[in-house]
Amino acid sequence: MIDRNGYRSNVGIILLNSKNEVFWGKRIKQDSWQFPQGGIKPGESPEQAMYRELTEEVGLHPWHVEIIGRTRHWLRYEVPDQWIRRDWRGNYKGQKQIWYLLRLVGRDCDVSLRTSVRPEFDAWRWNQYWVELESVVEFKRQVYRQALTELARLLNRPLPPFGSNGYGRPSHGAREQVGAVPAKHDE
1183 MIDRNGYRSN
1193 VGIILLNSKN
1203 EVFWGKRIKQ
1213 DSWQFPQGGI
1223 KPGESPEQAM
1233 YRELTEEVGL
1243 HPWHVEIIGR
1253 TRHWLRYEVP
1263 DQWIRRDWRG
1273 NYKGQKQIWY
1283 LLRLVGRDCD
1293 VSLRTSVRPE
1303 FDAWRWNQYW
1313 VELESVVEFK
1323 RQVYRQALTE
1333 LARLLNRPLP
1343 PFGSNGYGRP
1353 SHGAREQVGA
1363 VPAKHDE
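Residue numbers are given in the working numbering: position 133 of the sequence shown equals residue 1315, and the series is strictly consecutive.
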């Protein structure tokens, strides 16, 4: 589902444990780490896609997690030409994503990276919420910063000081524009 501006609809997942540590998956046969994410299929809502991707990539089901909230608007990133499939060139720019903040209510042993025929990850770990993003492919780093910053408000945790860990506080005006949407049970 590529929109008229060239962006494919997608979801991103920030999964927390009880210590507010964040799940990172290591891309299979690569040295890069990322959050679970994936495309929205025709007829799927972002929430349905999020649950499907969570099961496919991490082996977790809806009963293993609770939704804390999601980004209010689509966050976009452009994909460099060398990463774009040949048949998509010309009409594909990148991804637009709704990001979800989830809490694992299951156990670590519920995570399974081998539930899909084509696994995305070959290892995983928990990290602090604010961590350097050097292990994330460069063209995705800004959208990771945006998602983590917007969703941090739902943790009742302060934003890091400007420049620490590669994050910066947005200007006051930018903070007013973006605001995480709490899960319905929190409203």
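Using N, Cα and C, we set each Cβ at its ideal position, and we do this for glycine too.
Cβ separation of Pro1218 and Glu1235, assumed to be a contact under 8 Å, to the nearest whole Å: Against the sequence shown, residue 1218 aligns to sequence position 36. Against the sequence shown, residue 1235 aligns to sequence position 53. Right, the Cβ-Cβ distance comes to about 6 Å (below 8 Å), so this counts as a contact.
Distance between Lys1322 and Glu1314 (C-alpha atoms, nearest Å): As a working mapping, residue 1314 is identified with position 132 in the sequence shown. As a working mapping, residue 1322 is identified with position 140 in the sequence shown. Their Cα atoms are separated by approximately 13 Å.
Delimiting residues of the alpha helix (DSSP H) encompassing Glu1226: Along the sequence shown, one-based indexing puts residue 1226 at 44. No alpha helix (DSSP H) holds Glu1226; DSSP gives it neither H nor E.
7 Å Cβ shell around Met1232 - same chain, five flanking residues per side excluded: Counted from its first residue, the sequence shown places residue 1232 at position 50. Excluding residues within five positions, the ones whose Cβ falls inside 7 Å are Val1193, Ile1195 and Tyr1282.
Stretch-stretch touch, CB-based, cutoff 8 Å, three pairs: the segment 1235 to 1247 with the segment 1276 to 1294: yes
Where Pro1244 sits in the DSSP three-state scheme: As a working mapping, residue 1244 is identified with position 62 in the sequence shown. Helix at Pro1244.
Residue interval of the alpha helix (DSSP H) (run including Glu1260): Translated into positions along the sequence shown, residue 1260 becomes position 78. From DSSP, Glu1260 is part of no alpha helix (DSSP H) but of the beta strand (DSSP E) over Leu1257 to Glu1260.
Between the CA atoms of Leu1197 and Ser1191 - distance to the nearest angstrom: For the purposes of this step, residue 1191 is taken as residue 9 along the sequence shown, with counting starting at 1. For the purposes of this step, residue 1197 is taken as residue 15 along the sequence shown, with counting starting at 1. Distance between the alpha carbons of Ser1191 and Leu1197: 20 Å.
Cβ neighbours of Trp1306 in the same chain (closer than 8 Å, five flanking residues each side left out): As a first step, residue 1306 must be located in the sequence shown, where it is residue number 124. Contacts found: Phe1205, Trp1206, Gly1207, Lys1208, Val1240, Val1293 and Leu1295.
Test item: CB-CB of Ala1373 and Leu1257 under 8 Å: The shown model of the chain, from 1183 to 1369, leaves out residue 1373, and the question about it has no answer.
Thr1237 and Ile1280 closer than 8 Å at C-beta: Locating residue 1237 in the sequence shown gives position 55, counting from the first residue. Locating residue 1280 in the sequence shown gives position 98, counting from the first residue. No, these two residues do not count as a Cβ contact at 8 Å.
Enclosing beta strand (DSSP E) for Leu1284 [first to last residue]: Taking the first residue of the sequence shown as 1, we reach residue 1284 at position 102. Taken as a continuous stretch (DSSP letters only), the beta strand (DSSP E) holding Leu1284 covers Gly1276 to Leu1286.
Distance between Glu1260 and Cys1291 (C-alpha atoms, nearest Å): Taking the first residue of the sequence shown as position 1, residue 1291 is located at position 109. Taking the first residue of the sequence shown as position 1, residue 1260 is located at position 78. For Cys1291 and Glu1260, the distance between alpha carbons rounds to 35 Å.
DSSP-derived helix/strand/coil call for Asp1213: The sequence position of residue 1213 within the sequence shown is 31, counting from 1. Residue state, collapsed to three classes: coil.
Residues bridged to Ile1196 (per DSSP): Indexing the sequence shown from 1 puts residue 1196 at position 14. DSSP lists Leu1283 as partners of Ile1196.
Length of the line joining the Cα atoms of Gln1277 and Tyr1189: Stepping through the sequence shown from its first residue, residue 1277 is reached at position 95. Stepping through the sequence shown from its first residue, residue 1189 is reached at position 7. Cα-Cα distance, rounded: 5 Å.
For Gln1324, the three-state DSSP class (helix, strand or coil): For the purposes of this step, residue 1324 is taken as the residue at position 142 of the sequence shown. Helix.
Selected residue, minimal CA-CA separation from Gly1220, among Ser1317, Asn1187 and Pro1301: Here the question's residue 1220 lines up with position 38 in the sequence shown. Looking at the Cα atoms, Pro1301 is the closest of the given residues.
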